[in-house]
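See structure below.
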Amino acid sequence: MRKIIRFFAGMTAIMVFSVLGLTGYYQATIPDHYYVHQGEQLTINSLVSSSQPQQIISTVSSNQSSGKSVQLDLFGIIPIKQTMVSEVNQTEVIPGGTPFGIKLLTQGVMVVGLNAIDSEDGLKNPAKDAGLKIGDVITAVNGQPVSSNKEISALVQQSNGAAITVTYTRGSESQTISIQPVISRVDKHPKAGIWVRDSSAGIGTVTFYDPNTQLFGGLGHPVCDVDTGMTLPISYGEMVSATINGINKGTIGTPGELIGAFTTNSPIGSVLLNTDCGVFGEMYEQPQGESVPLALKQEVHTGKATILSTLDGTTPQEYEIEIEELNLNEKSVTRNMVIRVTDKTLLEKAGGIVQGMSGSPILQDGKLVGAVTHVFVNDPTKGYGIFAENMMSTALSLEQDQEKKAS
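35 is the number of the first residue of the sequence shown in my numbering; add one for each residue after it.
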């Protein structure tokens, strides 16, 4: 009898610790906010669901409502945490997979280098000495807005060696400093020792097009400066047609890349946002293809899926992948999934995921669930993906900004 009692006591202890472990895990990993389609109740998985219906209390936009805190329970009986739930309309989008060219003009100019000047008094670094840092974005010189390296050079020359005021942003803060140019011993001209970048261009992959708003999303990550690695603030950008001409196959330790080129200088759309979740803007013509539902993050699951990507020309093909891991942590907006390429053709041609495939749509259960964002350097068959919901949320913020400007 004692053995039986000890056995059941042991089993009970294991069950209690298992439940406590699950509860702690879900408390740490379940986001503080979810969207659900109208009339649906939130269900995370077979173990976790909300124990009460959502009550929507006010409208935020035509597509989204503010929500109410609901209780999430384990097995329907053990409280885990409160989370906010908002209703949204079911959105349908046209998946992309096609390459596109990006031409961006920065908002201000980004400092990418601070160089010492050979002056009569030795090497001097005026900008660095004044407190300017690489990654700062210069928005004005002597009170005049600047958007190019040429404009800054002209204003420094016009100073004739007198001090100039430079307004710049660092993060979310704006500051103004005084920089004293020095006369170069080489050409006798005043110089501030600043190297800046005022534009960028490249090729990416379209993730989706929304027929209702004419907005598109692509890349799944920001366009960053090649020297500083920082997100480029943009004033305006153009979307142009592009084609893929070849592939540098990826290997362990060396990411591959798609080799592409712009096919025209005429814009086919405008790029209005460059964000952590990708680039977003308007397309002037609706692309071909059938619409599919856009999945919410709780609808995505591990297992088989496909990606749409273009390895040659302009026509995307569908390739098989496996979603191996999901990360619902709201602090990680772009690395929501770990994916692995299983398609033999894609592995043979590209070695897996390569640079230029960023933005390739991820499809599962007939829905757009996300986009490819990064490749693992030490394993090109694997990479990260972003939830489609995160990209659409950014696109909706752009739509709301446009509505405000129009009103």
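Ideal placement from N, C-alpha and C gives every residue a C-beta, glycine not left out.
Since this is a predicted model, take the numbers as computed values, not measurements.
Local conformation of residue i per DSSP, three classes
i           : result
residue 435 : helix
residue 302 : strand
residue 293 : strand
residue 378 : helix
residue 428 : helix
residue 103 : strand
residue 190 : helix
residue 183 : helix
residue 352 : strand
residue 339 : strand
residue 332 : helix
residue 283 : coil
residue 423 : helix
residue 226 : coil
residue 416 : strand
residue 384 : helix
residue 259 : coil
Proximity test, Cβ basis, 8 Å: residue i and chain B
i           : result
residue 263 : No chain B appears in the structure shown, which is made up of a single protein chain.
Whole-angstrom C-beta distance between residue j and residue i, which should lie under 8 Å
i           : j           : result
residue 329 : residue 405 : Not really, about 12 Å apart at Cβ, beyond 8 Å.
residue 71  : residue 119 : Not really, about 11 Å apart at Cβ, beyond 8 Å.
residue 140 : residue 231 : 7 Å
residue 358 : residue 372 : 5 Å
residue 172 : residue 142 : 6 Å
residue 415 : residue 360 : Rounded, the Cβ-Cβ distance is 18 Å, inconsistent with contact.
residue 280 : residue 304 : Not quite, the Cβ-Cβ distance comes to about 29 Å (not below 8 Å), so this is no contact.
residue 308 : residue 249 : That pair is no contact at about 14 Å.
Exposure label - residue i; buried when at least 16 CB within 10 Å
i           : result
residue 289 : buried
residue 365 : exposed
residue 147 : exposed
residue 175 : buried
residue 170 : buried
residue 178 : exposed
residue 392 : buried
residue 401 : buried
residue 318 : exposed
residue 322 : exposed
residue 226 : buried
residue 430 : buried
Closer than 7 Å: residue i CB and nearest the ligand SAM heavy atom
i           : result
residue 187 : As far as ligands go, the structure on display features none, and thus does not contain the ligand SAM.
Query - Entirely enclosed beta strand (DSSP E) segments - the stretch 120 to 176, minimum 3 residues - result: 126 to 129, 133 to 148, 151 to 153, 156 to 158 and 171 to 175
Requested in this report: Decide if the stretch 251 to 259 is in contact with the stretch 310 to 319; the criterion is three or more beta carbon pairs, one per stretch, under 8 Å apart.
Outcome: yes
Query raised in the report: Can at least three beta-carbon pairs, one atom from the stretch 417 to 427 and one from the stretch 257 to 267, be found at a separation below 8 Å?
Result: no
Report task. Answer yes if the stretch 128 to 136 comes into contact with the stretch 342 to 351, meaning at least three C-beta pairs across the two stretches below 8 Å, and no otherwise. Result -> yes
**Report entry** At least three beta-carbon pairs within less than 8 Å, the stretch 356 to 373 to the stretch 291 to 302
**Finding:** no
Query raised in the report: Is the stretch 207 to 214 in contact with the stretch 151 to 168, if contact means three or more CB pairs nearer than 8 Å?
Result: yes
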